[in-house]
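Numbering-wise, this note's numbering puts 35 at position 29 of the sequence shown, and it's gapless, one number per residue.
Beta carbons: idealized from backbone N, C-alpha and C, even for Gly.
On a predicted model such as this, the values are computed, not experimentally measured, just so you know.
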Amino acid sequence: MPGMKDDIKEILISEEELKKTVQRIGNEISRDYEGKTPILVSILKGSVVFMADLMRAITIPCEIDFMAVSSYGSGVKTSGVVKIIKDLDRDIQGRDLIIVEDILDSGMTLSYILELLSARGPKSIKIATLFDKPSRRQVDVFAQYSGAEVPDEFIVGYGLDYNETYRNLPFIGVLKPSVYNN
Ligand code: IMP
Ligand code: MG
């Protein structure tokens, strides 16, 4: 029976590599936030797998919260429109925030979220992104913690989707073009 893996052209990043990358970011955050209790803000849904692994790679106390915005609709191209679907539960005034994102592409989603959360008076805000596609940037956003730069190809797995599917692949793969064209 054909499955998800038949839609994958190549594995770009293996499970083993992902594990090392997340561990490295966890170490950096644990070192930088020693003596503080940051709030990890996961941007749903793409960052859930990264979030779940990252929080366990962090050795200092932290809190977690979730926010959902829509930026892409169901396809592969950005619409430029960002809408809040689920807001944070917690008050963030005076707190150290780390925004946890799956991938920094045009930067539109994160620049919007940064502006929105900055207005609520946190003590600090930093960004932890698992992947970065710098060649695609349209607005100036910088991630203090970044897992890996990826080429301008549409990737899926480890939380990242195409049409809400493939999020549960344990590795990062590149989709076959035939998947888009039917
Ligand atoms: P940005 O606003 O253009 O930076 O878009 C960021 C969001 O687009 C990410 O949180 C992802 O949900 C989605 N995205 C961008 N590139 C990819 C990709 O290659 N695969 C899956 N989702 C992507
Ligand atoms: Mg997405």
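Checklist line | For SER117, the three-state DSSP class (helix, strand or coil) | finding: By one-based count along the sequence shown, residue 117 stands at place 111. If DSSP states are grouped into helix, strand and coil, SER117 belongs with the helices.
Note to self: Just to confirm before moving on: does the CB-CB distance between LEU18 and ILE178 stay below 8 Å?
What the structure shows: To locate residue 18, count along the sequence shown from 1; it is residue 12. To locate residue 178, count along the sequence shown from 1; it is residue 172. Their beta carbons are under 8 Å apart, which means LEU18 touches ILE178 by this criterion.
Next item on the list: Determine the contact status of ALA63 and GLN99, defining contact as a CB-CB distance below 8 Å.
Entry: Locating residue 63 in the sequence shown gives position 57, where the first residue counts as 1. Locating residue 99 in the sequence shown gives position 93, where the first residue counts as 1. No, Cβ-Cβ distance for ALA63 and GLN99 is not below 8 Å.
Notebook entry, point to check: Nearest CA to the CA of PHE148: which residue from ASP158, PHE137 and PRO157?
Noted result: Within the sequence shown, residue 148 is the residue found at index 142, counting from 1. Comparing Cα positions, the closest option is PHE137.
Checklist line | Neighbour-count burial assignment, PRO44, 16 or more Cβ in a 10 Å radius | finding: As a first step, residue 44 is located in the sequence shown; it is residue number 38 there, counting from the start. That one is buried.
Notebook entry, point to check: The alpha helix (DSSP H) spanning TYR2 covers which residue range?
Noted result: Residue 2 is absent from the structure shown; the chain starts at 7 and stops at 188.
Note to self: Quick check on DSSP: helix, strand or coil for THR65?
What the structure shows: In the sequence shown, counting from the first residue as 1, residue 65 sits at position 59. THR65 falls in the coil class under three-state DSSP.
Check: Taking three-plus beta-carbon pairs below 8 Å as touching, is the segment 123–130 in contact with the segment 101–113?
Finding: yes
Next item on the list: Rounded to whole angstroms, what's the CA-CA distance from SER152 to VAL145? Just pull it up for me.
Entry: Translated into positions along the sequence shown, residue 152 becomes position 146. Translated into positions along the sequence shown, residue 145 becomes position 139. Rounded to whole angstroms, SER152 to VAL145 spans 17 Å at the Cα level.
Check: Taking 7 Å as the line, does the beta carbon of ASP167 fall inside it for any heavy atom of the ligand IMP?
Finding: Position 161 of the sequence shown, counted from the first residue, corresponds to residue 167. Correct: ASP167 has its Cβ closer than 7 Å to the ligand IMP.
Next item on the list: Along the alpha helix (DSSP H) that carries SER152, what are the first and last residues, could you check?
Entry: Locating residue 152 in the sequence shown gives position 146, where the first residue counts as 1. Note, SER152: premise wrong, no alpha helix (DSSP H); beta strand (DSSP E) at 151–155.
Check: Nearest CA to the CA of PHE56: which residue from THR171, LEU181, SER184 and GLY165?
Finding: Taking the sequence shown and counting its residues from 1, the one referred to as residue 56 is at position 50. Cα-wise, what sits closest to PHE56 is GLY165.
Note to self: Check for me: the alpha helix (DSSP H) holding SER48 runs from which residue to which?
What the structure shows: Translated into the one-based positions of the sequence shown, residue 48 becomes position 42. Taken as a continuous stretch (DSSP letters only), SER48 belongs to no alpha helix (DSSP H), being part of the beta strand (DSSP E) at 45–50.
Next item on the list: Compute every distance between the C-beta of THR43 and the non-hydrogen atoms of the ligand IMP, then say whether any falls below 7 Å.
Entry: The count along the sequence shown starts at 1 and reaches residue 43 at position 37. No - the ligand IMP has no heavy atom lying nearer than 7 Å to the Cβ of THR43.
Check: Apart from the five residues just before and just after LYS42, which ones in its own chain have a Cβ nearer than 8 Å to its Cβ?
Finding: Position 36 of the sequence shown, counted from the start, is the residue given in the question as residue 42. Only ILE66 and ASP102 meet the Cβ criterion.
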